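So the sequence shown is numbered by the numbering used here: it starts at 11 and just counts up by one. C-beta: ideal position from N, C-alpha, C; glycine also. Because the structure is a prediction, the values reported are computed rather than measured. Structure record follows, encoded as C-alpha coordinates.
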Amino acid sequence: MVKWKEGTVPRYYTSEPIPKDNPGPVIKVVGKTFKDEVINNDKHVLVRYYAPWCEFSAMMDPIFKRIADSLSGNTQIKFCEMDVTKNDVEGYPAEGYPIIKYFPADKKDDPSYYDDDFTEDAMTKFVEKILNVPVRLTDESLRNYVSDSNVKPDL
11 MVKWKEGTVP RYYTSEPIPK DNPGPVIKVV GKTFKDEVIN NDKHVLVRYY
61 APWCEFSAMM DPIFKRIADS LSGNTQIKFC EMDVTKNDVE GYPAEGYPII
111 KYFPADKKDD PSYYDDDFTE DAMTKFVEKI LNVPVRLTDE SLRNYVSDSN
161 VKPDL
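Here it is, written out as C-alpha coordinates:
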(Lines of atoms letter the chains of each structure in order from A; the text may use other names.)
(Lines give C-alpha, C1' and ligand atoms only; values in the text may rest on other atoms or scores of the structure.)
Protein backbone atom coordinates (compact mmCIF):
# COMPACT_ATOMS: atom_id res chain seq x y z
CA MET A 11 0.00 0.00 0.00
CA VAL A 12 2.91 2.32 0.71
CA LYS A 13 4.28 1.94 -2.83
CA TRP A 14 0.85 2.72 -4.26
CA LYS A 15 0.59 5.90 -2.18
CA GLU A 16 4.11 6.89 -3.22
CA GLY A 17 3.36 6.18 -6.87
CA THR A 18 6.18 3.65 -7.17
CA VAL A 19 4.18 0.52 -8.03
CA PRO A 20 5.50 -0.76 -11.36
CA ARG A 21 3.04 -0.99 -14.23
CA TYR A 22 1.88 -4.45 -15.19
CA TYR A 23 2.36 -5.38 -18.86
CA THR A 24 0.34 -8.19 -20.40
CA SER A 25 1.75 -10.99 -22.50
CA GLU A 26 0.48 -14.14 -24.12
CA PRO A 27 2.58 -17.24 -23.50
CA ILE A 28 5.75 -17.43 -25.56
CA PRO A 29 4.99 -19.40 -28.76
CA LYS A 30 6.60 -22.84 -28.83
CA ASP A 31 6.68 -22.98 -32.61
CA ASN A 32 7.27 -19.74 -34.53
CA PRO A 33 8.63 -20.56 -37.98
CA GLY A 34 7.63 -17.45 -39.93
CA PRO A 35 7.73 -15.86 -42.43
CA VAL A 36 5.87 -13.62 -39.97
CA ILE A 37 7.06 -14.09 -36.40
CA LYS A 38 4.39 -13.95 -33.69
CA VAL A 39 5.63 -11.51 -31.06
CA VAL A 40 4.21 -11.42 -27.55
CA GLY A 41 4.90 -8.96 -24.75
CA LYS A 42 7.66 -11.16 -23.30
CA THR A 43 9.49 -11.62 -26.63
CA PHE A 44 9.06 -8.18 -28.20
CA LYS A 45 12.45 -6.74 -27.28
CA ASP A 46 14.36 -9.86 -28.33
CA GLU A 47 12.51 -10.23 -31.64
CA VAL A 48 12.21 -6.56 -32.59
CA ILE A 49 14.80 -4.43 -30.78
CA ASN A 50 17.80 -6.63 -29.98
CA ASN A 51 18.93 -7.40 -33.54
CA ASP A 52 20.53 -5.67 -36.49
CA LYS A 53 17.67 -6.10 -38.96
CA HIS A 54 15.00 -3.79 -40.28
CA VAL A 55 11.79 -4.91 -38.55
CA LEU A 56 8.18 -4.34 -39.54
CA VAL A 57 5.65 -5.05 -36.80
CA ARG A 58 1.98 -5.42 -37.61
CA TYR A 59 -0.13 -4.57 -34.57
CA TYR A 60 -3.59 -6.12 -34.93
CA ALA A 61 -6.79 -7.12 -33.17
CA PRO A 62 -8.14 -10.54 -34.19
CA TRP A 63 -11.72 -9.31 -34.44
CA CYS A 64 -10.87 -6.18 -36.47
CA GLU A 65 -12.01 -6.33 -40.10
CA PHE A 66 -9.21 -4.04 -41.31
CA SER A 67 -6.62 -6.16 -39.50
CA ALA A 68 -7.99 -9.24 -41.25
CA MET A 69 -7.82 -7.53 -44.64
CA MET A 70 -4.18 -6.55 -44.10
CA ASP A 71 -3.08 -9.99 -42.89
CA PRO A 72 -2.67 -11.82 -46.25
CA ILE A 73 -0.93 -8.84 -47.85
CA PHE A 74 1.59 -8.52 -45.00
CA LYS A 75 2.24 -12.28 -44.99
CA ARG A 76 2.59 -12.44 -48.75
CA ILE A 77 5.24 -9.72 -48.75
CA ALA A 78 7.02 -11.42 -45.83
CA ASP A 79 6.91 -14.74 -47.67
CA SER A 80 8.41 -13.21 -50.80
CA LEU A 81 11.33 -11.91 -48.72
CA SER A 82 11.80 -14.93 -46.46
CA GLY A 83 15.36 -15.40 -47.75
CA ASN A 84 16.36 -11.79 -47.17
CA THR A 85 18.54 -11.44 -44.06
CA GLN A 86 18.13 -7.64 -43.83
CA ILE A 87 14.46 -7.59 -42.80
CA LYS A 88 12.18 -9.30 -40.35
CA PHE A 89 8.38 -9.32 -40.27
CA CYS A 90 6.55 -9.62 -36.96
CA GLU A 91 2.98 -9.34 -35.71
CA MET A 92 1.48 -8.78 -32.28
CA ASP A 93 -2.09 -9.11 -31.02
CA VAL A 94 -2.56 -5.82 -29.16
CA THR A 95 -5.60 -7.12 -27.30
CA LYS A 96 -3.39 -9.59 -25.39
CA ASN A 97 0.07 -7.98 -25.31
CA ASP A 98 1.73 -4.71 -24.51
CA VAL A 99 5.33 -3.62 -24.16
CA GLU A 100 6.93 -0.95 -22.00
CA GLY A 101 8.18 1.91 -24.12
CA TYR A 102 6.62 0.63 -27.35
CA PRO A 103 2.88 1.27 -27.16
CA ALA A 104 0.44 0.38 -29.89
CA GLU A 105 -1.92 3.32 -30.16
CA GLY A 106 -4.45 1.44 -32.23
CA TYR A 107 -4.85 -1.20 -34.88
CA PRO A 108 -4.15 -2.14 -37.47
CA ILE A 109 -0.82 -0.37 -37.38
CA ILE A 110 2.50 -1.20 -38.93
CA LYS A 111 5.57 0.20 -37.21
CA TYR A 112 8.93 0.23 -38.90
CA PHE A 113 11.99 -0.23 -36.67
CA PRO A 114 15.08 0.66 -38.75
CA ALA A 115 18.12 -1.53 -38.29
CA ASP A 116 20.23 1.41 -37.10
CA LYS A 117 17.57 3.38 -35.15
CA LYS A 118 15.50 0.97 -33.07
CA ASP A 119 14.76 3.75 -30.59
CA ASP A 120 13.04 5.81 -33.30
CA PRO A 121 10.38 3.68 -35.02
CA SER A 122 8.07 5.20 -37.57
CA TYR A 123 4.54 4.40 -38.63
CA TYR A 124 3.66 3.06 -42.02
CA ASP A 125 1.24 5.79 -43.12
CA ASP A 126 0.23 4.83 -46.63
CA ASP A 127 -2.66 2.73 -47.96
CA PHE A 128 -3.03 -0.83 -46.72
CA THR A 129 -2.79 -2.14 -50.26
CA GLU A 130 -0.38 -4.66 -51.68
CA ASP A 131 1.09 -2.12 -54.09
CA ALA A 132 1.68 0.60 -51.49
CA MET A 133 3.10 -1.79 -48.88
CA THR A 134 5.38 -3.44 -51.43
CA LYS A 135 6.77 -0.05 -52.50
CA PHE A 136 7.38 0.83 -48.84
CA VAL A 137 9.40 -2.36 -48.28
CA GLU A 138 11.29 -1.86 -51.55
CA LYS A 139 12.29 1.62 -50.37
CA ILE A 140 13.58 0.22 -47.05
CA LEU A 141 15.67 -2.50 -48.69
CA ASN A 142 16.45 -0.82 -51.98
CA VAL A 143 15.60 -4.07 -53.77
CA PRO A 144 12.54 -5.13 -55.78
CA VAL A 145 9.95 -7.35 -54.12
CA ARG A 146 8.65 -10.12 -56.37
CA LEU A 147 5.23 -11.41 -55.36
CA THR A 148 4.01 -14.65 -56.90
CA ASP A 149 0.55 -16.13 -57.30
CA GLU A 150 1.69 -19.06 -55.17
CA SER A 151 2.55 -16.81 -52.23
CA LEU A 152 -0.91 -15.26 -52.52
CA ARG A 153 -2.60 -18.66 -52.49
CA ASN A 154 -0.74 -19.54 -49.28
CA TYR A 155 -2.33 -16.70 -47.35
CA VAL A 156 -5.81 -15.98 -48.69
CA SER A 157 -7.11 -19.27 -47.32
CA ASP A 158 -6.91 -17.86 -43.78
CA SER A 159 -8.76 -14.64 -44.54
CA ASN A 160 -12.01 -13.36 -45.93
CA VAL A 161 -10.18 -11.81 -48.88
CA LYS A 162 -10.71 -13.95 -51.99
CA PRO A 163 -8.97 -12.45 -55.03
CA ASP A 164 -9.36 -13.85 -58.52
CA LEU A 165 -6.29 -15.85 -59.49
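Residue environment analysis places K75 among the buried positions, since at least 16 neighbouring C-beta atoms fall within 10 angstroms of its C-beta. Straight through space, the alpha carbons of E16 and F113 are spaced by roughly 35 Å.
Every beta strand (DSSP E) stretch that sits fully inside the stretch 48–107 and reaches 3 residues is listed by chain position as 54–60, 87–93. Of the residues assessed, E100 falls on the exposed side of the cut-off, its CB having fewer than 16 other CB atoms within 10 angstroms. Looking from the CA of A78, the closest CA among P62, P33, N50 belongs to P33.
Cβ contact annotation for Y123 (same chain, cutoff 8 Å, sequence separation greater than five): I109, I110, K111, Y112, in chain order.
Between E91 and V57, the CB-CB gap stays under 8 Å. Across the structure, V145 and M69 are spaced so that their CA atoms are roughly 20 Å apart. Its chain contains P144, V145 as the residues whose beta carbon lies nearer than 8 Å to that of E138, once the 5 sequence neighbours on both sides are disregarded; these appear in chain order.
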